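Q:
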Amino acid sequence: MPVMNGYEAAKAIRSPERPDANTISIFACTANTFQEDIDRAMESGMNDFLGKPIDVSELLNKLTVV
């Protein structure tokens, strides 16, 4: 992304100034699936993590949980 990466975007969405900050679902979707990548996504405020290639059934399952 040209202005900010996904971690920065998640933090901006979760900022206290947004009244809808806790109602927006954010998933990391990346081919980087090391534990440190998952941890970083979760620390930035994302709800969950999906490794690429995306398993559609896994995505649908995670969407029903959130």
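Per the numbering used here, numbering of the sequence shown is gapless, rising by one per residue and ending at 1557.
Glycine included, each C-beta is placed from N, C-alpha and C at the ideal position.
On a predicted model such as this, the values are computed, not experimentally measured, just so you know.
Does any C-beta atom of chain C lie closer than 8 Å to the C-beta of F1518?
A: No chain C appears in this structure, which consists of one protein chain only.
Q: Buried or exposed: where does S1535 fall if 16 or more other Cβ atoms within 10 Å of its Cβ makes it buried?
A: By the 10 Å Cβ count, S1535 comes out buried.
Q: Checking 8 Å against the spacing of the C-beta atoms, do L1554 and C1520 come in under that value?
A: Contact: no.
Q: Considering just the uninterrupted stretch of the beta strand (DSSP E) at A1519, what are its terminal residues?
A: Counting along the chain, the beta strand (DSSP E) containing A1519 begins and ends at F1518 to T1521.
Q: Please state whether DSSP places G1497 in a helix, a strand or coil.
A: Helix.
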